[in-house]
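Q: Numbering follows this note's numbering, in which position 158 of the sequence shown is assigned residue number 147; successive positions increment by one, without gaps. Each residue gets a CB set at the ideal place from its N, CA and C atoms; glycine is no exception. Let me give you the structure first, and then I'll get to my questions.
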Amino acid sequence: MRARARHLVAALAAALMTLSLASCGGEEESSADGFAVGLLLPNRVTPRWENQDKPLIEKRVKELCPRCTMEHANAEGDVTRQRQQMLSMITKGVRVLILDAADTRALRSSIQEARKAGVPVLAYDRLAEGPISGFVSFDGARIGRLQGEALLGAVDAKRPTGSAGPADKASVVMMNGDPTSANAAWFRKGALSVLTGRVRIARSYDTEGWTAQNAHADMTAALAALGAARIDGVLAANDALASGVISALKSAGVAELPPVTGQDADLDAVQRIVRGEQYMTVYKPFKKEADAAAAMAVALGRGRDLSKVATTTIDSPTDQDIPAVLLNATPVTARTVKRALVDSGAYTLAQICTRQLRAACDRAGLLD
-10 MRARARHLVA ALAAALMTLS LASCGGEEES SADGFAVGLL LPNRVTPRWE
40 NQDKPLIEKR VKELCPRCTM EHANAEGDVT RQRQQMLSMI TKGVRVLILD
90 AADTRALRSS IQEARKAGVP VLAYDRLAEG PISGFVSFDG ARIGRLQGEA
140 LLGAVDAKRP TGSAGPADKA SVVMMNGDPT SANAAWFRKG ALSVLTGRVR
190 IARSYDTEGW TAQNAHADMT AALAALGAAR IDGVLAANDA LASGVISALK
240 SAGVAELPPV TGQDADLDAV QRIVRGEQYM TVYKPFKKEA DAAAAMAVAL
290 GRGRDLSKVA TTTIDSPTDQ DIPAVLLNAT PVTARTVKRA LVDSGAYTLA
340 QICTRQLRAA CDRAGLLD
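Quick look at the structure:
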């Protein structure tokens, strides 16, 4: 009986120890699995940040990490505000930051502070300087090439036959985007790789803040300097800039608008394309970008490396071999709106073809 009792006591002790270890392990796993992810967005000028990226990232983070929470802030284009938002999130105890920098250079010191605090920073859509742990975006050079190729094709199609000599090069205005944005330089480099030697860059503007208002002012200046007849096309880096360019052309009484490019496939831009006001945009499937960012953020929050998520590496002005995911984008013109945007689920026909646009949608073949 004594031997049996000793066996029972030993078994009970072992069971309790196993239960205790399992409990501790469960607490450690729970603690590791549940943490806060900070999302810092740059502005509200570009509709996609709040309307597309934020909900998509939040949804995917929750799918990958049900116990995780999301802290969100928008800098409203103010770098100082974004610095304060970063500090606030670090103080609150976020374990990882997804940063779409309002100024990719000015946030370098804040990223360094985050690194010192043990909070990895994932650069989202724009390659920030400083010790970032990863980068997710679309291939900016390819986007610029898509815009340049589309503009070149549209301009050539409108020019008289036999006007291909050096003295007869089409005259193009470039609206490059905010000079503080690494993406603006990336897009411009891609576009120039196509346009250089093929057209004459009559004017080139670094449009601050990516705002339609500033693009309107820059385009007004271009019209005053060149005259509408000497502008064959406009390379606008995104849809907000395209909006400002087109409003300036209309205000100047330009009856036949030149081809204008864009980017982001904002709903307003898609409707301008259907109306024949904007020539093209570039559709970036935001869900793929958001999903990649969420996967990277969760991996970093769990203390894992990004080898299973990153598909390539990229160099910044301050760091090399940064784990990265670079996605491909799709050019969209009036002929491809349905295939690229409706069939893919980006928009419904009802969203694009409002009552006022029914006739234009019919002409574009969207209602066939």
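In three-state terms, what does DSSP make of A226?
A: Note: A226 maps to coil in three-state DSSP.
Q: What separation, rounded to the nearest whole angstrom, lies between the Cα atoms of G154 and G186?
A: Because the pLDDT of G154 is 46, which lies under 50, any placement of that residue in the model is unreliable, and the question is left without a value.
Q: I'd like to check one pair, R33 with A253: are the Cβ atoms closer than 8 Å?
A: Note that residue 253 is Asp in the sequence shown, not Ala. No; because the gap between Cβ atoms is not below 8 Å, this pair is not in contact.
Q: Threshold first: 4 residues or longer. Then list the alpha helix (DSSP H) segments lying entirely within the segment 28 to 115, N to C.
A: Here the runs fully enclosed are 43 to 53, 68 to 81, 97 to 105.
Q: Using the rule of at least 16 other Cβ atoms within 10 Å of the residue's Cβ for burial, across every protein chain shown, is T301 buried or exposed?
A: T301 should be labelled exposed.
Q: Return helix, strand or coil for L215, following the three-state DSSP convention.
A: It is helical.
Q: What does the alpha-carbon distance come out to for the pair P109 and S122?
A: Spanning the two alpha carbons is a distance of roughly 6 Å.
Q: Thinking C-beta only, is I87 closer than 8 Å to L111?
A: Contact flag set, yes.
Q: Please report how far the alpha carbon of P306 lies from the alpha carbon of T169, in whole angstroms.
A: For P306 and T169, the distance between alpha carbons rounds to 13 Å.
Q: With H, G and I counted as helix, E and B as strand and the rest as coil, what does DSSP make of I121?
A: Residue state, collapsed to three classes: coil.
Q: Which first and last residues belong to the alpha helix (DSSP H) in which S182 is found?
A: Looking at the DSSP string, the run of the alpha helix (DSSP H) that includes S182 is 171 to 184.
Q: Go ahead and label L338 buried or exposed: buried means 16 or more other beta carbons lie within 10 angstroms of its beta carbon, across all protein chains shown.
A: By the 10 Å Cβ count, L338 comes out exposed.
Q: Which same chain residues, not among the five before or five after A288, have their C-beta less than 7 Å away from its C-beta?
A: Excluding sequence neighbours, A288 sits near L295, V298.
Q: Check whether the segment 327 to 345 touches the segment 140 to 147, counting contact only when three or more Cβ pairs, one atom from each stretch, lie closer than 8 Å.
A: No, the segment 327 to 345 is not in contact with the segment 140 to 147.
Q: Put L10 into one of helix, strand or coil per three-state DSSP.
A: Only weak support is given to the placement of L10: the predicted model assigns it a pLDDT of 33, under 50, and the value that follows is read from those uncertain coordinates. In this structure, L10 counts as helix in the three-state DSSP scheme.
Q: Should K239 be counted as a contact of the ligand GDP given a C-beta to heavy atom distance under 7 Å?
A: Looking at this structure, you won't find the ligand GDP or any other ligand, since it has none at all.
Q: Which stretch, first to last residue, makes up the alpha helix (DSSP H) that contains L141?
A: Its alpha helix (DSSP H) spans residues 129 to 147.
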